[in-house]
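First up is the structure itself, then whatever we jot down about it.
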Amino acid sequence: MNTFDADVVMVGGGPSGLAAACALAPHGRSAVIVDEALDHTLASRAPTVHAGTLGVLARIGCAEELIAEGTRAGTFRMRNRTTVLTTQPMHSLPGPYRFAVIIPQHRTEAILRARAETLGVRFVKGRASGVVQDGTGVRILLDGGGVVTGRFLVAADGMRSTIRQAVGIPYPETAASRGDREPMLIADVRPGQVPEEPVIVMSSGALVLLPLPGGILRIIMNAAPEAGVSDLEILRREFLARRPKGMDFEVGEVVWLSRFNVTHRLADTFRSGRVLLAGDAGHVHSPAGGQGMNLGIRDGVYAAEALDRSLRAEERGEPWEAPLDAYAQDRREAAAAVIGLTNRMMSMLMAPPVARPLRDLMLWTLSHTAAPRKQALALSGLLDTGPVFVDAPAGAMTNS
Ligand SMILES: Cc1cc2nc3c(=O)[nH]c(=O)nc-3n(C[C@H](O)[C@H](O)[C@H](O)COP(=O)(O)OP(=O)(O)OC[C@H]3O[C@@H](n4cnc5c(N)ncnc54)[C@H](O)[C@@H]3O)c2cc1C
């Protein structure tokens, strides 16, 4: 009989790995998280937790604290400088969460981590350099010679995933991404005054404004680097140029400023033997609509449900692959759908000047139809209900 450090090892203790670990514990499954950087930075990154993700977080006991700490957004308003063109009514969503929560990613991670610790998840600080699989489990090799063993592995180690590379899963750019690495500026600022609800402004470029707790405003804008001009200067200048009429404040104190390029990648498969991919290890796309972390958290929880089924099947001596295959297929489809959604949003936000009047007219016209409610539903993640598992026939025996 093999003994393992845990039923399941998560490599990566970001939102996806933490969610997976929290979701395994209630099934009575032991979980270890291996992360090279257990003390995370205060960079706030993903600020939006959507209603569908709140529902999934409620299953692992993390939704209420997030809601209590964050800012509730009942609408996402899209406008040009002078006119509100359409409003996505999160308050019209079905179910208990008729809003999105705006909260910095490091707080979401802190809440998940505290929950994981309460549930008895163990944390190992170390960098995974590879993985070896056999018929019974996985051995995660750490830099410096350590080894952590488990029956299964969730690779939640981000977009440069060492584990995904070690098991040889390709991670190609999707067609929409090629030649379209839009440079973006992202900042958290204290302007002294913030809008009450998220605002997406489409003027000479895109400007997304999200009110975080504590009087902090998240700003995301497309803006290329300029020789001899600092990003701070670009941020201040473009904010003034793009801000809506009537919004008379300036950027103010800058708490955090960073750059990233929009790219879209999707893993060819989300499973290799006993290894599942979750979160950015399997998909990455534009931040439009605030989908990335949400999808990763749902991946993590759905991975845990699939793994518990596979563990039970293996313990009965039955084939265990089907739940993991259902997970892999479902999550790849869910990620492809989100990539399509964020692509469409990016195309709309980044419309060339000549197309903007028509875009604005179309948005305003559609605002009087069911389109904004449909868009709110798509963004909420409520339609992403996870894999459907078909139980193996009773008595079926494994031949592996
Ligand atoms: C600048 C920026 C802005 C963003 N803005 C948004 C946004 O507005 N909305 C949105 O939804 N998303 C946004 N995202 C994306 C969002 O942050 C990610 O989708 C989310 O963090 C994915 O979570 P994850 O757990 O899958 O991966 P990560 O958060 O990347 O976590 C991976 C973890 O794995 C660990 N790790 C990596 N390699 C190893 C290894 N070999 N061994 C051990 N540990 C390892 C890392 O230390 C890390 O803790 C943004 C990302 C960036 C960089």
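182 is the number of the first residue of the sequence shown in our numbering; add one for each residue after it. Note that CB positions come from ideal geometry on N, CA and C, so glycine has one too.
Query raised in the report: Near R262, which residues of its chain fall below 8 Å by C-beta distance, leaving aside the five closest residues on each side in sequence?
Result: V382, S384, R423, R424, P425 and K426
**Report entry** Close beta carbons around S211, own chain, < 6 Å, minus the five adjacent residues each side
**Finding:** A187 and D188
Query raised in the report: According to DSSP, is D489 helix, strand or coil?
Result: helix
Query raised in the report: Hey, which unbroken runs of the alpha helix (DSSP H) at 4 residues or more fall wholly within the segment 305–352?
Result: 343–347
**Report entry** Whole runs of the beta strand (DSSP E) within the segment 425–506, excluding any shorter than 3 residues
**Finding:** 434–442 and 456–458
Requested in this report: If I'm right that I284 touches C243 with Cβ under 8 Å, what's the distance once you round it to whole angstroms?
Outcome: That pair is no contact at about 11 Å.
Query raised in the report: Applying the criterion that 16 or more other CB atoms from any shown protein chain within 10 Å of the CB defines a buried residue, is H464 buried or exposed?
Result: buried
Report task. Just tell me which of E246, I248, T264 and Q269 has its CA closest to the CA of G255. Result -> Q269
Query raised in the report: What residue does the beta strand (DSSP E) around H369 start on, and which one ends it?
Result: The residue you asked about is not His; residue 369 is Asp in the sequence shown. Element bounds for D369: P364 to R371.
Report task. Please state if the CB of T229 and the CB of L391 are separated by a distance shorter than 8 Å. Result -> yes
Query raised in the report: Taking Cβ to Cβ, would you say G195 is nearer than 8 Å to G339?
Result: yes
Requested in this report: Please confirm whether V265 and L457 have their CB atoms less than 8 Å apart.
Outcome: no
Query raised in the report: When DSSP labels each residue in this structure, what does N524 get in the three-state scheme?
Result: helix
**Report entry** Cβ separation of G433 and G373, assumed to be a contact under 8 Å, to the nearest whole Å
**Finding:** 5 Å
Query raised in the report: Applying the criterion that 16 or more other CB atoms from any shown protein chain within 10 Å of the CB defines a buried residue, is L563 buried or exposed?
Result: buried
Query raised in the report: Between L560 and T267, which are expected to be in contact by the criterion C-beta below 8 Å, what is the C-beta distance as a whole number of angstroms?
Result: L560 to T267, Cβ: 13 Å. No contact.
**Report entry** Endpoints, beta strand (DSSP E) assigned at Q374
**Finding:** Premise fails: Q374 is in no beta strand (DSSP E) and is neither H nor E.
Query - Local conformation of V519 per DSSP, three classes - result: helix
Requested in this report: Can you give me the Cβ contacts of G477 inside the same chain, cut-off strictly under 7 Å, excluding the 5 residues immediately before and after it?
Outcome: P196, S197, A459, G460 and D461
Query - Beta carbon of Q314 nearer than 8 Å to that of G209 - result: no
Report task. Assign M383 to one of three DSSP states: helix, strand, or coil. Result -> strand
Query raised in the report: Between the beta-carbon of D429 and the beta-carbon of R399, is there less than 8 Å?
Result: no
Query raised in the report: Heavy atom of ligand 1 less than 7 Å from the Cβ of V192, yes or no?
Result: yes
Report task. With hydrogens ignored, establish whether the beta-carbon of R512 is closer than 7 Å to any heavy atom of ligand 1. Result -> no
Query raised in the report: Given that a residue counts as buried once 16 or more other Cβ atoms are within 10 Å of its Cβ, and exposed if not, what is R341?
Result: exposed
Query raised in the report: R440 to L247, Cα distance in whole Å?
Result: 26 Å
**Report entry** Check: Q374 C-beta below 7 Å from any heavy atom of ligand 3
**Finding:** Among the ligands in the structure shown, ligand 3 does not appear; only ligand 1 can be found there.
**Report entry** Cα-Cα separation between F451 and G409, rounded to whole angstroms
**Finding:** 43 Å
Query raised in the report: Does the beta-carbon of P353 have 16 or more other beta-carbons within 10 angstroms, so that it is buried, or is it exposed?
Result: exposed
**Report entry** Where the alpha helix (DSSP H) through I241 begins and ends
**Finding:** Segment: none, I241 is in no alpha helix (DSSP H) and carries neither H nor E.
**Report entry** Among A404, M474, T343 and V282, nearest to L438 - alpha-carbon criterion
**Finding:** A404
Query raised in the report: Taking the DSSP output, what are the residues bridged to A281?
Result: A254
Query raised in the report: Are I397 and V436 touching if we call contact CB-CB under 8 Å?
Result: yes
Requested in this report: Please name the residue, chosen from D216, A517 and R258, that lies closest to G193 on a Cα-to-Cα basis.
Outcome: D216
Query raised in the report: Does the distance from the CB of A227 to the CB of A297 come in under 8 Å?
Result: no
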